[in-house]
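A quick write-up on the structure given underneath.
Residue numbers (this note's numbering), protein chains in the order written: chain A, 1 to 141; chain B, 142 to 491.
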C-alpha cells in the first residue's frame, strides 16, 4: 500500500491509512530526520479524534494520548526511540509495556531497538520526494 | 499572633533527574539533584532512563536535601511531588515515595504539574513578576506560552505542534554532525558567526503555536545542497565529502543562522502573545533559557517593547525539585491538597 502526500491532503491520507491498517495495533515509522514522521503521526492522531496536544516524544520517549473509540476512551501511545541506546533501555523506559498493552502504538526511530517489537508490527516508510511531497508506504508482511 | 513557617519537602522524578528540595515560606533552602554517575558509564551521552535509577537515588537525594536545609522530617508541613507529565515508571517512583512519606508522617500530600512548576520557578527569587504574567517555557521536550493569573491559575495559550525548541537545537546539531547534546555547541559556535549569512524560513503557523519540524527539513536540504539552496534541488546535490567540507568551512555562520531562526520564531510568538493579551510582565523558563542567543533577544525585545523581563537562575530552569517545592508552597497556601488515591499520569493535560 502506497500514497504520496503533502500538507494539503495529509488528513485524507491519514484516514485512508487507518482504513488500510484496520485492526493493527503497533506501527513502526521509518524515515530520515526531517522526513515528516511526527507530522504524519500528528495527522493520524487527528484522524482518530485525539484531543491531547500531539508533539514530538523525542525527549519524553512515550507520549500518551486518549481518544474516543465507539463511546469508550482508549489510550494511544506515541513513542520515539531516538534517545534510546538499545532494547534494554527501551524496556526500562516502559516501551515494551506500551507495545504489548493492546492499545495503538505509533513508534518513531524503531531501528534503535528492533528486537522489542511484537511479531505483527506494521512497518511504515516515509521518504522525501521533493519540498512538499512525501511517499508513504506500508510494508507487506 | 505569630504564624508558624510553612515547610515543604518536594520530590521530582519525571524524566532523567531525581531531585529533592526543601522550601520554607517560599524560600528554597536546598535543591539537590542526583549526581547520576550512571551517565558516565555511557560517556555522558545517553541519559539513564531507568526508574531503577530513581529508586536508587530517591532516598539519598531526599536525605541530602533535608540535611542541606538543616531541617528535620518532623518539621515538614507537606510533601509535594511531580504528578505529571513524564515517563510513567519514573513518575511512579517519586509519587509512591511521596505518598508513603505523607502517610507515615501523617502530613498532607500536594500533587504538582511539572509544566506549571517550570512557570512558577520565576517566583523563587527577587525580583518576582507581578500577576498576570506571560511565561515562555522552552526545554528539550516542551515549548509553551502560558498566561499566569495567580500561582494557582494559569493557562497554555500557545505550544508546539511538533518538535520542542530544545529538540530543534539538538537535531540541527545532529544534522551538522555535532555530538549529542548539540544545542549548547550550536550556541558556542554561533557566537563567532554571522547570523544573517544563511536564511531559513519562518513557519506560517496560526495563532500562538510553534512548529520546528519544517526548519529541520530545510536544514537537511540546505546541507544536501552544500548551502546553495534550502529547497529540494536535485541539480545541487552534494557528495558527502562536499557536504562535510561546506559544514567545516562555514560552521559558525551556519550555527548562528540556525540559532537566529529558532530564537526569532520564539520571540515573534512571544511578541504576538504580549500584544494579544496586553501583558508586559514576561518570563522565560526551562533549560533552553540558558541559550545566550535567546537571552539576548529576550532582553532586547524587553527594552524595545517595554516589557518587564524575568529569567530564573539556571538551577531552577532545568528539571529540579526547587520549582516543585515553590509550586507546592503556593498550593499549600491555597489549600489544594491531594488524597492518597491520586495517581501519576504520563499525559500532559492540565
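All C-beta atoms in this analysis are idealised placements derived from N, C-alpha and C, irrespective of residue type, glycine included.
Predicted model, so just to flag it, every value in this text is computed and none were measured.
Residue 129 of chain A: which of A:82, A:36, A:57 sits nearest, CA to CA? Start at 1 with the first residue of the first chain, and residue 129 of chain A comes out as number 129. Minimum Cα distance to residue 129 of chain A is reached at A:36.
query = Using the beta-carbon of each residue, which ones in chain A are nearer than 7 Å to residue 282 of chain B?
reply = The residue you call residue 282 of chain B lines up with position 141 of the second chain. Within chain A, the residues near residue 282 of chain B are 59, 60.
Next on the checklist: For residue 128 of chain A, would you say it is in contact with chain E, using Cβ-to-Cβ distances shorter than 8 Å as the test?
Outcome noted: Protein chains A and B are contained in the structure displayed, whereas chain E is not.
*How many Å lie between residue 491 of chain B and residue 300 of chain B at the Cα?*
Counting from one through the second chain, the residue named residue 491 of chain B turns up at place 350. Counting from one through the second chain, the residue named residue 300 of chain B turns up at place 159. Each residue's alpha carbon lies about 13 Å from the other.
- Message: Using a Cβ distance threshold of 8 Å, determine whether the region 261 to 268 of chain B contacts the region 233 to 250 of chain B, with at least three qualifying pairs required.
- Response: Too few Cβ pairs lie closer than 8 Å, so no.
Per DSSP, the bridge partner or partners of residue 80 of chain A:
Within the first chain, numbered from 1, the residue matching residue 80 of chain A stands at position 80. The partner list for residue 80 of chain A (beta bridge, DSSP) reads A:108.
Problem - chain A contact for residue 476 of chain B (CB, 8 Å cutoff) - result: If you number the second chain from 1, residue 476 of chain B lands on position 335. No, its Cβ sits nowhere closer than 8 Å to a Cβ of chain A.
Beta carbon of residue 373 of chain B, beta carbon of residue 131 of chain A: below 8 Å?
Looking up residue 373 of chain B in the second chain gives position 232. Looking up residue 131 of chain A in the first chain gives position 131. Closer than 8 Å, so yes.
_When you compare the CB of residue 94 of chain A with every CB in chain B, is at least one pair closer than 8 Å?_
Mapped onto the first chain, residue 94 of chain A falls at position 94. Judged by the 8 Å Cβ criterion, residue 94 of chain A is in contact with chain B.
Quick one: is residue 179 of chain B near chain A, going by C-beta distance under 8 Å? One-based indexing of the second chain puts residue 179 of chain B at position 38. Bear in mind that the predicted position of residue 179 of chain B carries a pLDDT of just 45, short of 50, making it too unreliable to give a figure here.
Quick check on the DSSP output: the alpha helix (DSSP H) that includes residue 360 of chain B runs from which residue to which? Mapped onto the second chain, residue 360 of chain B falls at position 219. Looking at the DSSP string, the run of the alpha helix (DSSP H) that includes residue 360 of chain B is 354 to 365.
Problem - Same chain, Cβ closer than 8 Å to residue 66 of chain A, five either side skipped, listed in chain order - result: Residue mapping note: residue 66 of chain A aligns to position 66 of the first chain, counting from 1. If we look at residue 66 of chain A and ignore the five residues flanking it on each side, its Cβ neighbours are 50, 51, 52, 73, 74, 75, 76.
Checklist line | Cβ separation of residue 166 of chain B and residue 473 of chain B, assumed to be a contact under 8 Å, to the nearest whole Å | finding: Position 25 of the second chain, counted from the first residue, corresponds to residue 166 of chain B. Position 332 of the second chain, counted from the first residue, corresponds to residue 473 of chain B. Rounded, the Cβ-Cβ distance is 10 Å, inconsistent with contact.
**Study point:** Cross-strand partners of residue 68 of chain A (DSSP beta bridge)
**Key:** Sequence index remark: in the first chain, residue 68 of chain A carries index 68 (1-based). Note: residue 68 of chain A sits in a beta bridge opposite A:73.
Q.
Quick check: the region 104 to 112 of chain A against the region 29 to 44 of chain A, are at least 3 beta-carbon pairs closer than 8 Å?
A. yes
Around the C-beta of residue 185 of chain B, are 16 or more other C-beta atoms found within 10 angstroms, so that it is buried, or is it exposed? The sequence position of residue 185 of chain B within the second chain is 44, counting from 1. The pLDDT assigned to residue 185 of chain B is 34, lower than 50, so where the model puts this residue is not dependable, and the model offers no usable value.
Short check: CB of residue 427 of chain B to CB of residue 278 of chain B, under 8 Å? Start at 1 with the first residue of the second chain, and residue 427 of chain B comes out as number 286. Start at 1 with the first residue of the second chain, and residue 278 of chain B comes out as number 137. It is a contact, given that the beta carbons lie within the stated cut-off.
Check: List, in order along the chain, the chain A residues whose C-beta lies closer than 9 Å to that of residue 230 of chain B?
Finding: Numbered from its first residue, the second chain carries residue 230 of chain B at position 89. By Cβ distance, chain A contributes 92, 93, 94, 97.
Quick one: what does DSSP say residue 256 of chain B is sitting in, helix, strand or coil?
Position 115 of the second chain, counted from the first residue, corresponds to residue 256 of chain B. Here residue 256 of chain B sits in helix by DSSP.
Checklist entry - Should residue 339 of chain B and residue 367 of chain B be called a contact, given that it needs their Cβ atoms to be closer than 8 Å? => result Along the second chain, read from residue 1 onward, the residue named residue 339 of chain B stands at position 198. Along the second chain, read from residue 1 onward, the residue named residue 367 of chain B stands at position 226. No, these two residues do not count as a Cβ contact at 8 Å.
Check your understanding: In chain B, what lies closer than 9 Å to residue 123 of chain A by C-beta?
Key -> By one-based count along the first chain, residue 123 of chain A stands at place 123. Near residue 123 of chain A there are no residues of chain B at all, since even the closest Cβ is about 22 Å away, more than 9 Å.
Next item on the list: Enumerate in chain order the residues of its own chain whose CB-to-CB distance from residue 485 of chain B is below 6 Å, with the five nearest sequence positions on each side excluded.
Entry: Locating residue 485 of chain B in the second chain gives position 344, counting from the first residue. Once the five neighbours on either side are set aside, the close Cβ partners of residue 485 of chain B are 224, 232, 233, 236.
Exercise. Residue 89 of chain B by DSSP, collapsed to three states: which one?
Worked result: With chain B covering 142 to 491 only, the question about residue 89 of chain B has no answer from this structure.
- Query: Is it buried or exposed for residue 182 of chain B, if we count other Cβ within 10 angstroms and need 16 for buried?
  - Reply: Here residue 182 of chain B refers to the residue found at position 41 when the second chain is read from its first residue. Residue placement at residue 182 of chain B is poorly supported in this model, since its pLDDT is 43, which falls under 50; the coordinates are not used for a value here.
- Where does the unbroken beta strand (DSSP E) through residue 408 of chain B begin, and where does it stop? By 1-based counting over the second chain, the position of residue 408 of chain B is 267. Annotation: residue 408 of chain B is outside any beta strand (DSSP E); the continuous alpha helix (DSSP H) that includes it extends over 381 to 418.
Checklist entry - How many Å lie between residue 55 of chain A and residue 80 of chain A at the Cα? => result Within the first chain, residue 55 of chain A is the residue found at index 55, counting from 1. Within the first chain, residue 80 of chain A is the residue found at index 80, counting from 1. For residue 55 of chain A and residue 80 of chain A, the distance between alpha carbons rounds to 11 Å.
Proximity test, Cβ basis, 8 Å: residue 227 of chain B and chain A: Here residue 227 of chain B refers to the residue found at position 86 of the second chain. It does: the Cβ of residue 227 of chain B has a partner Cβ on chain A nearer than 8 Å.
- Query: Taking the runs of the beta strand (DSSP E) that are 3 residues or longer, which of them lie wholly in the region 110 to 137 of chain A?
  - Reply: 122 to 128
Tell me, please, which residues DSSP counts as bridged to residue 296 of chain B. The residue given as residue 296 of chain B occupies position 155 in the second chain. Residue 296 of chain B pairs with B:288.
Rounded to the nearest angstrom, what separates residue 100 of chain A and residue 118 of chain A at their Cα positions?
Within the first chain, residue 100 of chain A is the residue found at index 100, counting from 1. Within the first chain, residue 118 of chain A is the residue found at index 118, counting from 1. Roughly 7 Å separates the two Cα atoms.
Check your understanding: Applying the criterion that 16 or more other CB atoms from any shown protein chain within 10 Å of the CB defines a buried residue, is residue 213 of chain B buried or exposed?
Key -> Walking along the second chain from the start, residue 213 of chain B turns up at place 72. Classification of residue 213 of chain B: exposed, given that the 10 Å Cβ count is below 16.
Quiz item: Does the beta-carbon of residue 189 of chain B have 16 or more other beta-carbons within 10 angstroms, so that it is buried, or is it exposed?
Solution: Here residue 189 of chain B refers to the residue found at position 48 when the second chain is read from its first residue. Unreliable positioning characterises residue 189 of chain B in this predicted model, as indicated by a pLDDT of 47, which lies under 50. The coordinate reading is nonetheless provided below. Residue 189 of chain B is buried by the Cβ-count criterion.
Whole-Å CB distance - residue 164 of chain B paired with residue 151 of chain B, under 8 Å assumed = Here the question's residue 164 of chain B lines up with position 23 in the second chain. Here the question's residue 151 of chain B lines up with position 10 in the second chain. So it is a contact: roughly 7 Å between Cβ atoms.
Self-check item: Test item: CB-CB of residue 469 of chain B and residue 161 of chain B under 8 Å
Solution: In the second chain, counting from the first residue as 1, residue 469 of chain B sits at position 328. In the second chain, counting from the first residue as 1, residue 161 of chain B sits at position 20. Here residue 469 of chain B is not near residue 161 of chain B, since their CB atoms are 8 Å or more apart.
Residue range of the beta strand (DSSP E) that includes residue 160 of chain B:
Sequence index remark: in the second chain, residue 160 of chain B carries index 19 (1-based). Unbroken beta strand (DSSP E) run through residue 160 of chain B: 160 to 165.
| Looking at C-alpha atoms only, which residue of B:450, B:169, B:144 is the closest neighbour of residue 266 of chain B? | Within the second chain, the letter at position 125 stands for residue 266 of chain B. Looking at the Cα atoms, B:169 is the closest of the given residues.
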